[in-house]
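Trainee: Letter 2 of the sequence shown, counting from 1, is numbered 2 in full-length UniProt numbering, and no numbers are missing. Even glycine gets a Cβ: it sits at the ideal position worked out from N, Cα and C.
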Amino acid sequence: MKEDFGPIRKSSDFVLLDETTEGAVISNLKKRFSKDLIYTYIGTLLVSVNPYKELDIYSKKQMDVYMGVNFFELPPHIYALADNAYQTMLTEFNNHFILISGESGAGKTEASKKILQYYAVSCPSTTLMNTVRDKMLMSNPVLEAFGNAKTLKNDNSSRFGKYMDIQFDNQGDAVGGHILNYLLEKSRVVHQNHGERNFHIFYQLLEGGSDDLLKQLGLSRDVQHYYYLTQVGITS
Ligand SMILES: Nc1ncnc2c1ncn2[C@@H]1O[C@H](COP(=O)(O)OP(=O)(O)OP(=O)(O)O)[C@@H](O)[C@H]1O
Numbered sequence: 001m002k003e004d005f006g007p008i009r010k011s012s013d014f015v016l017l018d019e020t021t022e023g024a025v026i027s028n029l030k031k032r033f034s035k036d037l038i039y040t041y042i043g044t045l046l047v048s049v050n051p052y053k054e055l056d057i058y059s060k061k062q063m064d065v066y067m068g069v070n071f072f073e074l075p076p077h078i079y080a081l082a083d084n085a086y087q088t089m090l091t092e093f094n095n096h097f098i099l100i101s102g103e104s105g106a107g108k109t110e111a112s113k114k115i116l117q118y119y120a121v122s123c124p125s126t127t128l129m130n131t132v133r134d135k136m137l138m139s140n141p142v143l144e145a146f147g148n149a150k151t152l153k154n155d156n157s158s159r160f161g162k163y164m165d166i167q168f169d170n171q172g173d174a175v176g177g178h179i180l181n182y183l184l185e186k187s188r189v190v191h192q193n194h195g196e197r198n199f200h201i202f203y204q205l206l207e208g209g210s211d212d213l214l215k216q217l218g219l220s221r222d223v224q225h226y227y228y229l230t231q232v233g234i235t236s
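1) If we require 3 or more residues per run, which beta strand (DSSP E) segments fall completely within the segment 147 to 197?
2) May I ask which residues mark the beginning and end of the beta strand (DSSP E) holding Val25?
3) Can you tell me the Cβ-Cβ gap for Tyr66 and Leu55, rounded? I've got them flagged as a contact below 8 Å.
4) What distance in whole Å lies between the Cβ atoms of Leu152 and Gly195, which are believed to be in contact at a cut-off of 8 Å?
5) Taking Cβ to Cβ, would you say Ala80 is nearer than 8 Å to Tyr119?
6) How close, in whole Å, do the beta carbons of Asn181 and Lys162 come, if the pair is a contact with beta carbons under 8 Å?
7) Any idea which residues DSSP pairs Ser48 with across the strands?
8) Taking contact to mean at least 3 C-beta pairs separated by less than 8 Å, is the segment 212 to 222 in contact with the segment 164 to 172?
9) For a quick check, are the C-beta atoms of Glu144 and His200 less than 8 Å apart?
10) Pick helix, strand or coil for Asp18, following the three-state DSSP scheme.
11) Take Gln231 as the anchor and find which of Gln204, Arg188, Gly209, Arg133 has the nearest alpha-carbon.
12) Kindly list the residues whose CB is nearer than 7 Å to the CB of Met63, restricted to its own chain and excluding five residues on each side of it in sequence; keep chain order.
13) Just to check my reading of the structure: Asn198 and Leu229 have Cβ atoms closer than 8 Å, yes? What is that Cβ distance to the nearest angstrom?
14) Find out if the Cβ-Cβ distance for the pair Phe14, Ile42 is shorter than 8 Å.
15) Out of Glu19, Leu46, Leu16, Lys53, point me to the one whose CA is closest to Ser34's CA.
16) Flag Ser104 as yes when its Cβ comes closer than 7 Å to any non-hydrogen atom of ligand 1, and as no otherwise.
17) Please work out which residues of its chain come closer than 6 Å, Cβ to Cβ, to Thr126, disregarding the five sequence neighbours upstream and downstream, and give them in chain order.
18) Ligand 1 and Tyr52: does the residue's C-beta get closer than 7 Å to at least one heavy atom of that ligand?
19) On the premise that Asn140 lies in contact with Gly105, defined as a C-beta separation below 8 Å, what is that separation, rounded to the nearest angstrom?
20) Looking at the structure shown, is Phe199 part of a helix, part of a strand, or coil, going by DSSP?
21) Measuring only from the beta carbon, is Thr109 closer than 7 Å to any heavy atom that is part of ligand 1?
22) For a test of the three-state rule: what should DSSP assign to Asp13, helix, strand or coil?
23) If you run the structure through DSSP and keep just helix, strand and coil, what is Leu217?
24) If you run the structure through DSSP and keep just helix, strand and coil, what is His77?
25) Could you tell me whether the Cβ atoms of Leu184 and Phe160 are closer together than 8 Å?
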């Protein structure tokens with residue numbers, strides 16, 4: 001991570017800007033983004049700009065830095081947000097939620113994965129917790145295969161809404177969780193806009209399914225064989 005861990009710089013929290021005009025906010029975001037500082041606070045809200053490149057800010061070392069540390073003591077980070085929700089839940093004994101919103105391609109899905117990964121490392125580890133953690137993390141590729149597709153804005157766009165909850169006991173151990181999916185864009189199966197694809201699973205099945213499986217399902221490996229997968233000419 002390139003930002004140092006000294007005292008909070010004024011620009012790392014919009015609330016502390018001298019000016020609160022749209023211009024000042026955009027300029028602050030741009031200035032920070034040019035230094036790979038993708039996170040900025042507005043008080044306890046976190047604004048994130050998609051870097052579209054791998055940044056060295058999601059390591060185990062970074063997680064350790066944020067664990068149990070007061071929200072405003074360190075530079076803005078998704079780990080600080082996750083840690084704050086967890087610590088407040090434990091001290092206040094009530095439910096907390098993290099709402100992630102933004103336009104398509106903004107980085108919502110990646111942010112939710114970072115939060116899960118943070119809890120996977122930072123929460124007390126028991127066998128049960130490991131089971132919960134593995135199920136939450138490992139269900140992602142399956143959900144994305146069936147519910148994500150390439151769109152004009154995002155090569156891996158979630159075409160469904162997702163609600164996840166993790167249940168903790170009073171010691172802070174994770175004891176269960178749910179993932180609810182809703183509003184799947186079913187129409188994509190038979191119609192895709194120009195430059196977009198059908199759900200990933202169809203292409204993955206043809207590309208990666210064994211000869212035996214394809215034979216059993218009566219499928220041909222050639223994607224060009226299928227109108228619904230090639231009607232707008234994009235297969236990769
Ligand atoms: N923090 C990040 N670091 C590096 N790359 C990122 C980050 N967040 C997002 N990306 C990149 O941007 C792409 C789009 O992000 P993501 O799928 O999370 O967007 P989204 O807001 O969930 O979009 P949609 O609403 O279309 O599902 C990712 O596939 C990844 O390549």
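Mentor: Result, derived from the coordinates:
1) 161 to 168, 174 to 182
2) On the sequence shown, position 25 is the one that residue 25 refers to. Val25 -> not in any beta strand (DSSP E); alpha helix (DSSP H) instead, spanning 22 to 34.
3) Along the sequence shown, one-based indexing puts residue 66 at 66. Along the sequence shown, one-based indexing puts residue 55 at 55. About 15 Å separates the two Cβ atoms, so there is no contact after all.
4) Counted from its first residue, the sequence shown places residue 195 at position 195. Counted from its first residue, the sequence shown places residue 152 at position 152. Right, their Cβ atoms sit about 5 Å apart.
5) Along the sequence shown, read from residue 1 onward, the residue named residue 80 stands at position 80. Along the sequence shown, read from residue 1 onward, the residue named residue 119 stands at position 119. Contact: no.
6) Your numbering for residue 181 matches position 181 in the sequence shown. Your numbering for residue 162 matches position 162 in the sequence shown. Between Lys162 and Asn181 the Cβ distance is about 6 Å, and since that is below 8 Å, they are a contact.
7) Along the sequence shown, read from residue 1 onward, the residue named residue 48 stands at position 48. DSSP, once it has assigned bridges, lists Tyr39 as partnering Ser48.
8) no
9) Position 144 of the sequence shown, counted from the start, is the residue given in the question as residue 144. Position 200 of the sequence shown, counted from the start, is the residue given in the question as residue 200. Against a cut-off of 8 Å, the Cβ pair of His200 and Glu144 comes out as a contact.
10) What you label residue 18 is simply residue 18 of the sequence shown in a count that begins at 1. The answer is coil: DSSP assigns Asp18 none of H, G, I, E or B.
11) Indexing the sequence shown from 1 puts residue 231 at position 231. Residue Arg188 is the option with its Cα nearest to Gln231.
12) If you number the sequence shown from 1, residue 63 lands on position 63. Around Met63: Tyr79, Tyr118, Val121, Ser122.
13) The sequence position of residue 198 within the sequence shown is 198, counting from 1. The sequence position of residue 229 within the sequence shown is 229, counting from 1. Correct: roughly 5 Å between the Cβ atoms.
14) Against the sequence shown, residue 14 aligns to sequence position 14. Against the sequence shown, residue 42 aligns to sequence position 42. In this structure, Ile42 lies closer than 8 Å to Phe14 by Cβ.
15) Residue 34 sits at position 34 when you count from the first residue of the sequence shown. Nearest option by C-alpha distance: Lys53.
16) As a first step, residue 104 is located in the sequence shown; it is residue number 104 there, counting from the start. Yes - ligand 1 has a heavy atom lying nearer than 7 Å to the Cβ of Ser104.
17) Here residue 126 refers to the residue found at position 126 when the sequence shown is read from its first residue. Result list for Thr126: Asp173, in chain order.
18) Here residue 52 refers to the residue found at position 52 when the sequence shown is read from its first residue. Yes, the Cβ of Tyr52 comes within 7 Å of a heavy atom of ligand 1.
19) Against the sequence shown, residue 105 aligns to sequence position 105. Against the sequence shown, residue 140 aligns to sequence position 140. Contact flag wrong, Cβ pair sits at about 18 Å.
20) The sequence position of residue 199 within the sequence shown is 199, counting from 1. Residue state, collapsed to three classes: strand.
21) Reading the sequence shown from its first residue, position 109 is the one you call residue 109. Correct: Thr109 has its Cβ closer than 7 Å to ligand 1.
22) In the sequence shown, the residue the question calls residue 13 occupies position 13. If DSSP states are grouped into helix, strand and coil, Asp13 belongs with the strands.
23) Here residue 217 refers to the residue found at position 217 of the sequence shown. Three-state result, Leu217: helix.
24) For this step, residue 77 is matched to residue 77 along the sequence shown. His77 falls in the coil class under three-state DSSP.
25) For this step, residue 184 is matched to residue 184 along the sequence shown. For this step, residue 160 is matched to residue 160 along the sequence shown. Yes, they are a contact pair.
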